[in-house]
Structures are given as structure tokens and as C-alpha cells.
Amino acid sequence: MKTITPFELQMLIYERHVEVIDVRPRRDFEKAHVLVARSIPLKTFEPHSVLAHRRFKKEPLYIMGQGKAQASLVAGSLAAAGLAEPIVVEGGVKAWQAHRLPLVYKGSWPNWSPTLVHALSEWSRRLRRLLARRSPTFALPNVMPRWRSA
């Protein structure tokens, strides 16, 4: 059984389309999940149904659970049903949160704030680099707020 770290999966999500299934209970999925993940609770999991409804049939399928045990169980049943590459996300959503990778949270703006600030600062940094390469005399003003620690 293949595994992937949460950070490696996040890099793949940025690069191309990937298919991720989350096998945690629906209530846990609704509280927080990876943006591209699809909820298929372990309680209602049917391997043949998952294989029939795949979006990217030739791509590997990434499986997340609360930890590695749930995802490993699902990966085994998908492999037995004929899936060539089921890949388990090491540590599941707990590891994803520990790495501070972006999650979709149910209806709470403050949980999006760190991700949004990070994205804005990243794009600002990229824009500065691009403009500096093209026109060394042009300087973009610093638009990102400076956070003060109390």
C-alpha cells in the first residue's frame, strides 16, 4: 500500500487535479475538510460504487481518514475491488491540521483568516518578484499589513 504525506498531497493539489476521498463520518467532514475532498463515510462505503463514480479514472485515488487506520482499511478494500493505485494520506486529517495546511471549515470566517493572509502575502511576494525582474526601477508599495504581537 502506497502512502503520501499531507504536504506532498497539498503540492499535488496545487499542481493538478487530484481525487481525494474522506472516509470520516459526515459530521466530522462538515466541520473541517480538505478543499478537494469528497465525503464517503466509512459506514456507507461501497468500493464498487466509488470506482464507478470516479472523476479521474486513470489517476490515483487519495484516501484520508481521521488517522491512518481508517484510510488503510478503505485502501485495502479498493485494491481488492480492482483499483490500481489507492494512496493513503499519512496521519489523515489530524496530520493535515498539524502541518497547518488549509482546510475548509464550516461557516467560520476566522478559521479562513490565516489561509487568506498567507495566500495574499504569497501572491504579493510573487508579484513583487515578477515586477522587479521586468522593470527594476518600478517598486510596488508594501500593501500587506504588519501584524503586531502584543
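Here the sequence shown is numbered in this note's numbering, starting from 7 and rising by one per residue.
Backbone N, C-alpha and C fix where the C-beta goes; we use that ideal spot for every residue, glycine too.
Range of the contiguous alpha helix (DSSP H) that encloses residue i
| i | result |
| --- | --- |
| residue 8 | Careful: residue 8 lies outside any alpha helix (DSSP H), inside the beta strand (DSSP E) at 8 to 10. |
| residue 36 | 32 to 37 |
| residue 79 | 74 to 87 |
| residue 6 | The structure shown does not extend to residue 6, since the chain is modelled only from 7 through 156, so no value can be given for it. |
Three-state secondary structure assigned by DSSP to residue i
| i | result |
| --- | --- |
| residue 110 | strand |
| residue 66 | coil |
| residue 47 | coil |
| residue 23 | coil |
Selected residue, minimal CA-CA separation from residue i, among the options
| i | options | result |
| --- | --- | --- |
| residue 112 | 27, 40, 23 | 40 |
Residue-level contact to chain B via CB, residue i, 8 angstroms cutoff
| i | result |
| --- | --- |
| residue 53 | The structure shown contains no chain B; it is built from a single protein chain. |
Cβ-heavy atom distance, residue i to the ligand PLP, below 7 angstroms
| i | result |
| --- | --- |
| residue 22 | Among the ligands in the structure shown, none appear at all, so the ligand PLP cannot be discussed. |
Beta-ladder partner(s) of residue i, from DSSP
| i | result |
| --- | --- |
| residue 94 | 9, 69 |
Below 8 angstroms, how does it come out for the region 73 to 91 and the region 16 to 24: are there three or more Cβ pairs, yes or no?
no
Within the chosen definition, does the region 97 to 113 reach the region 54 to 68 through at least 3 CB pairs nearer than 8 angstroms? no
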